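Okay, so here's the structure we're looking at.
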Amino acid sequence: QQQVRQSPQSLTVWEGGTTVLTCSYEDSTFNYFPWYQQFPGEGPALLISILSVSDKKEDGRFTTFFNKREKKLSLHIIDSQPGDSATYFCAAMGSSGNKLIFGIGTLLSVKP
Amino acid sequence: EAAVTQSPRNKVTVTGGNVTLSCRQTNSHNYMYWYRQDTGHGLRLIHYSYGAGNLQIGDVPDGYKATRTTQEDFFLLLELASPSQTSLYFCASRVTGQDTQYFGPGTRLLVL
Numbered sequence: 001q002q003q004v005r006q007s008p009q010s011l012t013v014w015e016g017g018t019t020v021l022t023c024s025y026e027d028s029t030f031n032y033f034p035w036y037q038q039f040p041g042e043g044p045a046l047l048i049s050i051l052s053v054s055d056k057k058e059d060g061r062f063t064t065f066f067n068k069r070e071k072k073l074s075l076h077i078i079d080s081q082p083g084d085s086a087t088y089f090c091a092a093m094g095s096s097g098n099k100l101i102f103g104i105g106t107l108l109s110v111k112p
Numbered sequence: 113e114a115a116v117t118q119s120p121r122n123k124v125t126v127t128g129g130n131v132t133l134s135c136r137q138t139n140s141h142n143y144m145y146w147y148r149q150d151t152g153h154g155l156r157l158i159h160y161s162y163g164a165g166n167l168q169i170g171d172v173p174d175g176y177k178a179t180r181t182t183q184e185d186f187f188l189l190l191e192l193a194s195p196s197q198t199s200l201y202f203c204a205s206r207v208t209g210q211d212t213q214y215f216g217p218g219t220r221l222l223v224l
């Protein structure tokens, strides 16, 4: 059973549009939620992260939202660019702080 | 920027073969991880370690062994490879007290 559920599995948006990726989880001990970005032929790299004590974090065009009551998080990309085309993984980590649980990933394609 | 290298980058073996995947980090990170990435499953943790000589079992350990010989080097061993182990393998590292994991470029393994 997947502990971190991610949707959609793939998504196509037009350049300039807003991308929204979502994840949900069950384990209420999870308290750290990173998003990783992976380009073809490369390993994942941290894009943005949020702790469960916050509900929003911004970094330029990227914003992650966290809803503790609903156990959901989302990643919003405004003014999406073709260079944003990549696979995005949400993940979660609990209080032990030793390992991440990843979602299945979303393959994003931004068309010019 | 943290540096994690993996070798080989590509490997082909036959069923029942013996394979060793290597990972080296020069960041003085104490935690190192081995993941496999498969479509529809995302990244799944195989084994991890928090220092030389230490080994922790991950979420999908069956058929894999690992060994951490030094602070820098972490090896993944497939002693009787099976086609189900055909996958993209990533190594990652992080330092205690920080949550960001730094990933290597990956090793693509094909078991015929």
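As they're listed, the protein sequences go chains V and P. Under my numbering, the letters of the first sequence match residues 1 to 112, in that order. Under my numbering, the letters of the second sequence match residues 113 to 224, in that order. Cβ atoms here follow ideal geometry from the backbone N, Cα and C, with glycine treated the same way. Note that the coordinates shown come from a computational prediction; the quantities given were computed from them, not determined experimentally.
Beta carbon of residue i nearer than 8 Å to that of residue j
i      : j      : result
V:Y32  : V:P44  : no
V:F62  : V:L47  : yes
V:F120 : V:V4   : The structure shown does not extend to residue 120 of chain V, since chain V spans only 1 to 112, so no value can be given for it.
P:A178 : P:H153 : no
P:G175 : P:L200 : no
V:C23  : V:Q38  : no
P:Q183 : P:S140 : yes
P:L167 : P:R148 : no
V:S10  : V:T106 : yes
P:S231 : P:M144 : The question about residue 231 of chain P has no answer here: the residues shown for chain P are numbered 113 through 224.
P:Q213 : V:L108 : no
P:F187 : P:L133 : yes
P:G216 : P:V116 : yes
P:D211 : V:S96  : no
Neighbour list for residue i in chain V, Cβ cutoff strictly below 7 Å
i      : result
P:G152 : I104
P:L91  : This structure gives no information on residue 91 of chain P, because the portion of chain P shown stretches from 113 to 224.
Within chain P, the residues that residue i reaches when beta carbons sit closer than 9 Å
i     : result
V:S49 : D211, T212
Under 9 Å from the C-beta of residue i: neighbouring residues of chain V
i      : result
P:F186 : Those within 9 Å of P:F186 in chain V number zero; the least Cβ separation is about 14 Å.
P:P173 : Those within 9 Å of P:P173 in chain V number zero; the least Cβ separation is about 12 Å.
P:G170 : K99
Neighbour list for residue i in chain P, Cβ cutoff strictly below 8 Å
i     : result
V:G89 : According to the sequence provided, residue 89 of chain V is Phe. The question's Gly does not apply to it. Here the neighbours are G154, L155.
Exposure label - residue i; buried when at least 16 CB within 10 Å
i      : result
V:T87  : buried
V:L51  : exposed
V:Q81  : exposed
V:P34  : buried
P:L192 : exposed
Under 7 Å by beta carbon: chain P residues contacting residue i
i      : result
V:L113 : No statement about residue 113 of chain V is possible, as the shown extent of chain V runs from 1 to 112 and does not include it.
Closer than 9 Å at the beta carbon, the chain C residues around residue i
i      : result
P:G216 : Here the protein chains are V and P, and chain C is not one of them.
Residues, ordered as in the chain, of the segment 33-46 of chain V that lie near chain P by beta-carbon distance below 9 Å:
P34, Y36, Q38, G41, E42, G43, P44, A45, L46
Tell me, please, whether the segment 48-61 of chain V touches the segment 73-85 of chain V by the rule of three or more beta-carbon pairs shorter than 8 Å.
yes
Using a beta-carbon distance cut-off of less than 7 Å, what residues from the segment 191-213 of chain P approach chain V?
F202, D211, T212, Q213
Taking Cβ-Cβ distances below 7 Å as the criterion, which residues of the segment 137-164 of chain P are in contact with chain V?
G152, H153, G154, L155, L157, Y160
Of the residues that make up the segment 66-77 of chain V, which ones have a beta carbon closer than 9 Å to any beta carbon in chain P?
none
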